[in-house]
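Q: Chains as they are written, first to last, in the numbering used here: chain G, 1 to 167; chain V, 1001 to 1496.
Here it is in structure tokens:
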């Protein structure tokens, strides 16, 4: 018998675990449903049941020769290259930086940082140029949203400049 | 029939006002521009451009969305033909022959047959939507909550279990969507569910955040990790854009056959444009007088699937507008756009907000014409868009995509959720779990729950209500068979 692929098994068990966690969470919900006799716990219970069933089904597939019609594990068979950890990390860093910066440094700087990090992740070596591009792009978006759509976006550290410009 | 014609004329009088025409025009151009970007499919395009409509009245906004919807699809096929990176599964069939035509220096006719075919199929399908919608509305007005619930279950089954390569993975995606749909305050009892004390979660998870997370963030993580270091090869746009007499002769029948295949698939909630495009490809391959060209760039192989895609996507507006049931990720986002304006599509919409519905339908005709006029002349610009270096392109995509998610509630929590969904999207893409069922599950799950409760409130808690009413019982039976039959077939095969 073929050995099960660890990632497939891990994902299958995660679905199963998620189902069990939802079931536990559901048991703490009220079942009082009023007139319809369906409380707020019925839909979560069905969801939990479905996830447990599907997790078990996926685990069975993983243990009996692997998921059916699975995507090939060999990147070359998919026409791709090997997992590039740097790209994955830089894109993640960009998104996390944006989360941390948007309410402190403001929208424009946060988006510029995101832009530069993503570009770096996709193989660009010109970090300063990319940051400048991102800054211009974010500034245009910012002005468009604030001026034309009246959507407030956080100004953050650039508040003195924007304040001076009458925005 | 006459009433429909009259209503449509009235619709044109709304859609043809200069301002609404302008919104339609902007929608088509922006939709195409964003849709051309490699890696951006129609669902993401609509989600990304949603904030732009904030200031418009509902009618203008929906007219703009119709333009975006069509433009995004057209832009996607340009990318598919010139770059061979299908932005969505419904474009895979086009990629087969379209890219080969481009490789042989026939990119012009490939783009032309795809544009004109989309116009022909889109227009015929729009006529069919116009004729069919009022009839469906008549029927739907007699539907009670039990029938709606059954229809939603049917939609769940088709989008998750019938299409795609694995039923269990499709259903897993659906149930993840259903789980996300449960989060927040329960609309009937006011109890909070799975919000973990986070106030931002009480309103529930927005379908736009999920779609942007899966389609933009997940895609960027995936492409970055697995194909950012590959060389891109864009086919040159050489020679004439025009189709020869021979091209026309071979394209026409393919467009019409594909429309006949695509429309029914879109209009019954049968899940997505993927099946009809492949079906059309197979039909054209079988009927062609030039079988030797298939696999080397046969024009029918582009004309058919492209037309089928457009007909099916247009047909999907029937269940969306008349029943409020989306059958694709893009339709799910359109539904959420409706909801943002406080509009719940369904039969009542045709009666309560006739101006809006008919204005929207009329704008579909206009959108098709605009696309035809704009796209072929502007194809040079779209080709330029394709040459944007990947690092800058993805940087830009994420800047706009995260903006789309952030501007909904101006909440950092949404951005955190967005990143989590991005990781989820990466995993799903890598291990072949389809994402569309999750998006549909998220938006349709709570609606199905509401309908089930209404049905049970009417029957005073008697659950047999779903099975004693003939319409709901038969829809549920069909859904059940769709789930069970493939499993039985599988079991029988194994025992042989």
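Even for Gly, the Cβ is constructed at its ideal location relative to N, Cα and C.
Here the structure is a predicted model, which means the values were calculated and not measured.
CB residue 1359 of chain V to CB residue 1125 of chain V, shorter than 7 Å?
A: Along the second chain, read from residue 1 onward, the residue named residue 1359 of chain V stands at position 359. Along the second chain, read from residue 1 onward, the residue named residue 1125 of chain V stands at position 125. Not in contact: residue 1359 of chain V and residue 1125 of chain V (Cβ atoms no closer than 7 Å).
Q: Taking C-beta pairs closer than 7 Å, name the residues in chain V that residue 87 of chain G reaches, listed in chain order.
A: The sequence position of residue 87 of chain G within the first chain is 87, counting from 1. Those are 1224, 1225 and 1228, listed as they occur along chain V.
Q: Would you mind sorting residue 1429 of chain V into buried or exposed? The rule is 16 or more other CB atoms within 10 Å of its CB.
A: Counted from its first residue, the second chain places residue 1429 of chain V at position 429. When all chains shown are included, residue 1429 of chain V counts as buried.
Q: Check the Cβ of residue 22 of chain G against every Cβ in chain V and list those closer than 9 Å, keeping chain order.
A: Numbered from 1 along the first chain, position 22 holds the residue referred to as residue 22 of chain G. Here the neighbours are 1179, 1182 and 1194.
Q: Given this structure, state the Cα-to-Cα distance separating residue 1486 of chain V from residue 49 of chain G, to the nearest angstrom.
A: If you number the second chain from 1, residue 1486 of chain V lands on position 486. If you number the first chain from 1, residue 49 of chain G lands on position 49. Approximately 21 Å, taken between the alpha carbons.
Q: At a Cβ cut of 8 Å, what residues of the stretch 59–74 of chain G count as close to chain V, listed as they run along the chain?
A: The residues in question are 61, 67, 68, 69, 70 and 71.
Q: Where are the beta strand (DSSP E) runs, 3 residues long or more, that stay fully inside the stretch 19–93 of chain G, in chain order?
A: Those beta strand (DSSP E) runs which fall completely within the stretch 19–93 of chain G and span 3+ residues do not exist here.
Q: Identify, in the order they occur along the chain, each residue of the same chain with its Cβ nearer than 8 Å to the Cβ of residue 39 of chain G, setting aside the five sequence neighbours on each side.
A: In the first chain, the residue the question calls residue 39 of chain G occupies position 39. Taken in chain order, the residues that qualify are 29, 30, 31, 32 and 33.
Q: Report buried or exposed for residue 1081 of chain V, applying the criterion of at least 16 other Cβ atoms within 10 angstroms of its Cβ.
A: As a first step, residue 1081 of chain V is located in the second chain; it is residue number 81 there, counting from the start. With 16 or more other Cβ atoms within 10 Å, it is buried.
Q: Indicate whether at least one CB of chain G lies closer than 7 Å to the CB of residue 1006 of chain V.
A: Position 6 of the second chain, counted from the first residue, corresponds to residue 1006 of chain V. Not one chain G Cβ lies under 7 Å of residue 1006 of chain V.
Q: Taking Cβ positions, are residue 1297 of chain V and residue 1281 of chain V nearer each other than 7 Å?
A: As a working mapping, residue 1297 of chain V is identified with position 297 in the second chain. As a working mapping, residue 1281 of chain V is identified with position 281 in the second chain. Contact flag unset, no.
Q: Taking three-plus beta-carbon pairs below 8 Å as touching, is the stretch 1437–1450 of chain V in contact with the stretch 1226–1242 of chain V?
A: Not touching, per the Cβ criterion.
Q: Residue 1217 of chain V to residue 1372 of chain V, Cα distance in whole Å?
A: In the second chain, the residue the question calls residue 1217 of chain V occupies position 217. In the second chain, the residue the question calls residue 1372 of chain V occupies position 372. Between residue 1217 of chain V and residue 1372 of chain V, the C-alpha separation is close to 32 Å.
Q: Would you grab the beta carbon distance between residue 1437 of chain V and residue 1174 of chain V for me? Rounded to a whole angstrom, and I think it's under 8 Å.
A: Locating residue 1437 of chain V in the second chain gives position 437, counting from the first residue. Locating residue 1174 of chain V in the second chain gives position 174, counting from the first residue. Indeed, because the Cβ distance is near 4 Å, the residues count as touching under 8 Å.
Q: For residue 1185 of chain V, which three-state DSSP category applies?
A: If you number the second chain from 1, residue 1185 of chain V lands on position 185. Three-state DSSP puts residue 1185 of chain V in a strand.
Q: Just mark residue 111 of chain G as buried or exposed, buried being the case when its beta carbon has 16 or more other beta carbons within 10 Å.
A: Taking the first residue of the first chain as 1, we reach residue 111 of chain G at position 111. Classification of residue 111 of chain G: buried, given that the 10 Å Cβ count is 16 or more.
Q: How many Å lie between residue 1195 of chain V and residue 1213 of chain V at the Cα?
A: Within the second chain, residue 1195 of chain V is the residue found at index 195, counting from 1. Within the second chain, residue 1213 of chain V is the residue found at index 213, counting from 1. Distance between the alpha carbons of residue 1195 of chain V and residue 1213 of chain V: 19 Å.
Q: Compare the C-beta of residue 1372 of chain V against all C-beta atoms of chain G and say whether one is closer than 7 Å.
A: In the second chain, the residue the question calls residue 1372 of chain V occupies position 372. It does not; no Cβ of chain G falls within 7 Å.
Q: Tell me the rounded alpha-carbon separation between residue 1472 of chain V and residue 1463 of chain V.
A: Here residue 1472 of chain V corresponds to residue number 472 of the second chain, with the count starting at 1. Here residue 1463 of chain V corresponds to residue number 463 of the second chain, with the count starting at 1. Each residue's alpha carbon lies about 12 Å from the other.
Q: Smallest Cα separation from residue 16 of chain G: which of G:47, G:3 and G:5?
A: If you number the first chain from 1, residue 16 of chain G lands on position 16. Among G:47, G:3 and G:5, the Cα nearest to that of residue 16 of chain G belongs to G:47.
Q: Does chain G have any CB closer than 7 Å to the CB of residue 1494 of chain V?
A: Translated into positions along the second chain, residue 1494 of chain V becomes position 494. For residue 1494 of chain V, the answer is no, since every Cβ of chain G falls outside 7 Å of its Cβ.
Q: Based on the DSSP output, what are the partners of residue 1192 of chain V in its beta bridges?
A: Position 192 of the second chain holds residue 1192 of chain V. The partner list for residue 1192 of chain V (beta bridge, DSSP) reads V:1185.
Q: Is the Cβ of residue 28 of chain G closer than 7 Å to any Cβ of chain V?
A: By 1-based counting over the first chain, the position of residue 28 of chain G is 28. It does not: the Cβ of residue 28 of chain G has no partner Cβ on chain V nearer than 7 Å.
Q: Please state whether the Cβ-Cβ distance between residue 1032 of chain V and residue 1071 of chain V is less than 7 Å.
A: Indexing the second chain from 1 puts residue 1032 of chain V at position 32. Indexing the second chain from 1 puts residue 1071 of chain V at position 71. Closer than 7 Å, so yes.
Q: Using a C-beta to C-beta distance shorter than 8 Å, which residues of chain V count as neighbours of residue 93 of chain G?
A: Taking the first chain and counting its residues from 1, one reaches residue 93 of chain G at position 93. Result: empty, since nearest Cβ-Cβ is about 11 Å, beyond 8 Å.
Q: Starting from residue 1310 of chain V, trace the alpha helix (DSSP H) in both directions and tell me its first and last residue.
A: Residue mapping note: residue 1310 of chain V aligns to position 310 of the second chain, counting from 1. From DSSP, the alpha helix (DSSP H) with residue 1310 of chain V extends over 1300–1315.
Q: Do three or more CB pairs link the stretch 1131–1150 of chain V to the stretch 3–11 of chain G at distances below 8 Å?
A: No: the two stretches stay apart, fewer than three of their Cβ pairs being nearer than 8 Å.
Q: Going by Cα to Cα distance, which pick from V:1027, V:1034, V:1116 and V:1079 is closest to residue 1060 of chain V?
A: Here residue 1060 of chain V is taken as the residue at index 60 of the second chain, counted from 1. Out of V:1027, V:1034, V:1116 and V:1079, V:1027 has the C-alpha closest to the C-alpha of residue 1060 of chain V.
Q: From the beta carbon of residue 1257 of chain V, is the nearest beta carbon of chain G less than 7 Å away?
A: For this step, residue 1257 of chain V is matched to residue 257 along the second chain. So, not an interface residue.
Q: I need the straight-line Cα distance from residue 1055 of chain V to residue 149 of chain G, nearest angstrom please.
A: As a first step, residue 1055 of chain V is located in the second chain; it is residue number 55 there, counting from the start. As a first step, residue 149 of chain G is located in the first chain; it is residue number 149 there, counting from the start. Whole-angstrom Cα-Cα distance: 6 Å.
Q: Would you please verify whether the beta carbon of residue 118 of chain G is less than 7 Å from any beta carbon of chain V?
A: For the purposes of this step, residue 118 of chain G is taken as residue 118 along the first chain, with counting starting at 1. Yes, contact with chain V.
Q: Taking the C-alpha atoms as reference points, what is the distance between residue 1 of chain G and residue 78 of chain G?
A: Indexing the first chain from 1 puts residue 1 of chain G at position 1. Indexing the first chain from 1 puts residue 78 of chain G at position 78. Because the pLDDT of residue 1 of chain G is 48, which lies under 50, any placement of that residue in the model is unreliable, and the number read from its coordinates should be weighed accordingly. Looking at the two C-alpha atoms, the distance is approximately 26 Å.
Q: Since residue 1493 of chain V contacts residue 123 of chain G with CB under 8 Å, what's their CB separation in whole angstroms?
A: Taking the second chain and counting its residues from 1, one reaches residue 1493 of chain V at position 493. Taking the first chain and counting its residues from 1, one reaches residue 123 of chain G at position 123. Actually they are not in contact, since the Cβ atoms of residue 1493 of chain V and residue 123 of chain G sit about 47 Å apart, beyond 8 Å.
Q: Between which two residues does the alpha helix (DSSP H) harbouring residue 1366 of chain V extend?
A: Reading the second chain from its first residue, position 366 is the one you call residue 1366 of chain V. Note, residue 1366 of chain V: alpha helix (DSSP H), 1354–1386.
Q: Using a Cβ-Cβ cut-off of 8 Å (strictly less than) and excluding sequence neighbours within five positions of residue 1435 of chain V, which residues of its own chain qualify?
A: As a working note, residue 1435 of chain V is residue 435 in the second chain. Closer than 8 Å at the Cβ level, and outside the excluded window around residue 1435 of chain V, lie 1173, 1214, 1215, 1218, 1329, 1425, 1428 and 1429.
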